[in-house]
Structures are given as structure tokens and as C-alpha cells.
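Scroll down for the structure; my scribbles are underneath it.
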Amino acid sequence: MRYFIALITATLWLGAQDPLTSQLLSPEQREEIRLQQEQATLSADILRDSWISTIGLSYGGSFDNKFDLDRQSYTGSISIDQPIFKSGGIYFGIRYAQANAHYAKLGIILQERALIAQVMRTILTLRKMDIALAQARLALEDAIDAVAYQRQLLNAGEIDIGQYNSTLINQNSAQTALWELEKSRQESLYTLSQLSSVDYATITLPTLSLLERDTFTTHHIERAQLASDIAQKEYAAWVTMSNYLPTLSLQAGYNYTVAYNQSLNKEQTAFDVAPTQYLSYGFKLSMPLAYNALRDIQKSRVDTLLAKTQMQSATRDIESFYAKSLAKVKAIESQIALARDTVALYEVVVAKNADLFASGELSAITLSQSRNAQKSKRLDIDAYTLERQIELLALYEKRYEAQP
């Protein structure tokens with residue numbers, strides 16, 4: 060039960076929709092999430108109040124022509140058999156319903172977060188593809204320049220046709236790579252259109268920063284789900300036990316009867332029975348004696364222990380996932396730092412090549428290639444930055460905040 064005390068504090072947060080939902084998800088997806096939330100609330104209310112007995116209402120009439128009389132009789136009743144004490148079963152049943160509602164809402168939040176993350180991941184991937192396309196165009200530009208230069212050498216007799224054809228093959232490969240990237244981009248655009256109507260190039264996404272280890276492991280939505288599942292299992296175990304303990308019920312009823320043209324025999328004069336109404340009430344103390352009661356109770360306890368074991372396993376998985384993500388983020392940051400150093404080196408190379416070109420010691424193609432290499436390396440920094448955001452997104456996707 061201690062898990063439920065911690066989990067109940069998140070109820071207010073769970074009722075609030077993620078602000079990115081309205082920004083990134085389609086109206087149909089937002090409506091589906093809203094209906095799922097409403098469905099979960101109604102199901103929770105039904106489960107919470109399931110201990111309240113149904114009030115029985117009945118009204119009927121009977122008709123016959125016995126003794127050549129048009130006999131009629133009518134009866135009506137209102138009755139209820141309401142348990143008021145179930146050895147803790149009512150209290151724990153309500154608590155189970157609350158834990159069940161919390162678990163269901165967490166599931167909806169998890170689904171919502173997954174959709175948002177999928178949209179953001181697709182947007183970031185498309186932006187990375189735009190960078191890759193820009194780099195591919197630079198590579199194609201270099202290949203075209205190389206073909207033009209090799210053609211001059213071929214015409215001058217300085218190279219043979221085999222060397223020239225190799226340059227053409229490189230150009231064709233660069234063109235093919237550009238087309239393949241464009242095909243992949245179109246696939247990602249289609250994926251995004253199925254999820255959202257946003258413009259990936261203009262929409263502003265939040266900039267994610269690295270979460271602390273304790274923050275990630277403590278505020279992990281799947282861990283919260285497992286904690287909620289433990290709470291369910293604990294309360295369910297108490298409910299199961301109470302099912303085999305004494306139950307006290309109050310019974311009450313209202314009855315009404317009236318009859319017309321009644322007779323006990325053919326010779327008797329018909330008579331009417333005046334309306335009769337009366338109240339009845341009492342109590343009932345009951346307890347089932349079931350052969351499998353102990354097994355049923357023990358099974359519910361085992362279910363709780365299994366849920367706690369799954370929590371321990373999940374905690375290790377969450378910590379391992381964070382360690383893996385942290386290592387990848389650090390590696391990407393190292394790539395960014397190295398790319399910046401390389402760009403700085405290219406500054407020197409390009410400046411030197413420009414001087415050599417000005418003095419006639421270097422061709423325009425070589426200068427252009429060095430400049431394109433510098434541009435491509437700058438684009439690497441942007442691509443790595445987006446890759447880092449994609450990796451951090453995997454952490455934020457599972458994060459939630461409990462309200463005090």
C-alpha cells in the first residue's frame with residue numbers, strides 16, 4: 060500500500076494534457092486521447108462504486124377468468140440487499156479502483172508521450188536529412204567539377220579514358236546517393252503526414268538537455284506504472300481475502316398488492332382485495348466456506364510479489380538504458396567537439412589554398428573542393444546536434460512530473 064501513497068500525488072498532473080499535444084498531434088489523435096481519458100475515468104468510477112448494490116424494482120399483474128370472473132391482481136416491490144461490512148473488502152475495493160484508475164491514466168499518458176516523441180523524432184530526422192542532402196549536393200558539385208577537370212586532362216592527353224571514366228563513375232555514385240536520400244526524405248515526410256500536419260522546417264521544438272540520472276530513474280513513467288500495478292495487486296490481495304471473511308448486509312423492501320373480482324369458489328360472490336402495502340427490513344451475516352479459499356488468497360499474494368520482482372528488474376533496465384543513452388550522448392558531444400576543431404583547421408587550409416590559387420599555384424577546382432569540405436564539416440556539427448536531441452528525446456519520452 061505504500062506505493063499508492065506515493066502515486067496518488069501524481070493524480071493532478073495526470074489530468075493535465077501535455078502542452079506539446081496540441082502543438083504536434085492531429086485533431087483526431089487529440090480527440091482519441093481525450094476519449095480514452097474519459098473512458099478511463101468512467102471505468103474507474105464504475106469500479107469504485109461497484110460495492111453499492113442494485114435496487115430492485117418490480118411491478119406485475121396477473122389475469123384469469125376462473126369461476127367465470129374477470130380476475131385481476133397486481134403486485135409491486137422495491138428491494139435492496141446492501142453489504143455494509145465486508146471485513147475491509149469495501150475499503151480496499153475502493154482503493155483498488157483508485158490504483159486501477161491511476162494505472163490506466165499512466166497508460167494513456169505513456170501512449171500520448173510515445174506519439175509526441177514519434178512526431179518530434181520524425182521532425183528531427185527530416186532536418187538531419189536536409190543536412191545530409193546539402194552535403195550530398197556539395198559532394199555532387201565536387202564530382203561534377205572533377206569530371207570537368209578530368210575532361211580537360213583527357214583532351215590534353217595527360218590521362219587515359221579509364222581514369223576519366225572512373226571520375227564519371229564517382230559522379231554517378233554521388234548523384235545516386237543524392238536521389239536515395241531524397242527518396243528516404245519523402246518516406247519520412249509521408250510518415251510525418253500520418254502523425255501531424257506541422258511544417259517540420261518551421262515549427263519550434265523545445266531544446267532538450269541531459270537529465271540527471273536520479274531524475275530519470277525516479278521520474279520514469281514506466282516505473283510509475285509498475286508501482287501503480289503493485290498498489291493494485293496489494294489492494295486486490297486484501298479484497299480477495301475479504302471475500303472469504305464475514306459480510307454483513309442490510310435488507311429492506313417495500314411491497315404492494317391489490318386484486319379485483321376475487322373468489323374462492325364458484326358459488327362465492329366476487330370481491331375486491333383492498334390495496335395492501337408494507338415494509339420489510341432485516342440483516343444478513345454470511346461467510347463462504349470455499350475449498351480453494353487459501354489457494355486463492357495465496358495466489359493474490361504471489362501476484363503482488365511478482366509485481367515487486369518486476370519492479371526491481373525494470374529499475375535495473377531503466378538504469379542500464381540511462382547509462383547507454385549517456386554514453387551515446389557523450390560520444391556525440393565528442394564528435395561535435397572534434398568537428399569544430401576540424402572546421403577551425405579547414406579555415407587555415409582554405410586560406411592557404413586561396414593564397415595559392417591567387418598566385419596561380421593551385422587550381423580553382425582544388426580551392427572549391429577545400430571550401431566544400433569545410434562547409435560539409437560545418438554541416439556535420441548541425442547533424443550531430445540534431446542527433447544529440449534525438450538521443451535525449453528517448454529520455455524525455457519516459458519522464459513525468461508528479462504534482463505536490
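Residue numbers (our numbering): 60 to 463.
Glycine residues also receive a C-beta, built at the ideal position from the N, C-alpha and C atoms.
Keep in mind the model is a prediction, meaning the values are calculated, not measured.
What's the C-alpha gap between residue i and residue j?
| i | j | result |
| --- | --- | --- |
| residue 179 | residue 264 | 8 Å |
| residue 163 | residue 289 | 13 Å |
| residue 158 | residue 287 | 6 Å |
| residue 93 | residue 185 | 29 Å |
| residue 190 | residue 238 | 14 Å |
| residue 67 | residue 442 | In this predicted model, residue 67 has a pLDDT of only 34, less than 50, meaning its place in the structure is not dependable; the value taken from the coordinates is given anyway. Roughly 42 Å separates the two Cα atoms. |
| residue 370 | residue 362 | 12 Å |
| residue 121 | residue 132 | 5 Å |
| residue 294 | residue 282 | 19 Å |
| residue 192 | residue 241 | 7 Å |
| residue 168 | residue 256 | 21 Å |
| residue 451 | residue 166 | 22 Å |
| residue 60 | residue 367 | Legend: pLDDT at residue 60 = 39, less than 50; position of this residue unreliable, value from coordinates given subsequently. The straight-line gap from Cα to Cα measures roughly 12 Å. |
| residue 447 | residue 388 | 6 Å |
| residue 435 | residue 194 | 5 Å |
| residue 102 | residue 457 | 25 Å |
| residue 340 | residue 307 | 14 Å |
| residue 146 | residue 356 | 14 Å |
| residue 374 | residue 440 | 34 Å |
| residue 377 | residue 350 | 42 Å |
| residue 97 | residue 352 | 36 Å |
| residue 401 | residue 201 | 19 Å |
| residue 229 | residue 84 | 43 Å |
| residue 430 | residue 207 | 18 Å |
| residue 115 | residue 338 | 14 Å |
| residue 148 | residue 105 | 16 Å |
| residue 393 | residue 95 | 43 Å |
| residue 226 | residue 209 | 7 Å |
| residue 359 | residue 140 | 28 Å |
| residue 464 | residue 143 | In the structure as shown, the chain starts at 60 and stops at 463, and residue 464 therefore has no counterpart that could be examined. |
| residue 118 | residue 311 | 17 Å |
| residue 284 | residue 172 | 14 Å |
| residue 300 | residue 342 | 22 Å |
| residue 411 | residue 205 | 21 Å |
What is the DSSP secondary structure of residue i, counted as helix, strand or coil?
| i | result |
| --- | --- |
| residue 266 | coil |
| residue 278 | coil |
| residue 114 | coil |
| residue 189 | helix |
| residue 303 | coil |
| residue 320 | strand |
| residue 147 | coil |
| residue 355 | helix |
| residue 361 | helix |
| residue 162 | helix |
| residue 217 | coil |
| residue 259 | coil |
| residue 349 | coil |
| residue 271 | coil |
| residue 79 | helix |
How is the beta strand (DSSP E) around residue i delimited, first residue to last?
| i | result |
| --- | --- |
| residue 135 | 130-144 |
Checking the sheet assignment: what are the DSSP bridge partners for residue i?
| i | result |
| --- | --- |
| residue 309 | 141, 342 |
| residue 314 | 136, 337 |
| residue 123 | 130 |
Just reading off the alpha helix (DSSP H) that residue i is part of, what are its end residues?
| i | result |
| --- | --- |
| residue 87 | 86-107 |
| residue 243 | 220-254 |
So is residue i in contact with chain B if we call contact Cβ pairs under 8 Å?
| i | result |
| --- | --- |
| residue 392 | Reference to chain B is not applicable here, since this structure consists of a single protein chain. |
Return yes when the C-beta of residue i is under 7 Å from any heavy atom of the ligand FAD, and no when it is not.
| i | result |
| --- | --- |
| residue 313 | Summarising the ligand content, the structure contains no ligands, and the ligand FAD is consequently not present. |
Q: Can you check the segment 384-459 for any alpha helix (DSSP H) of at least 4 residues that lies completely inside it and give the ranges in chain order?
A: Within the segment 384-459, the complete alpha helix (DSSP H) runs of at least 4 residues are 423-455.
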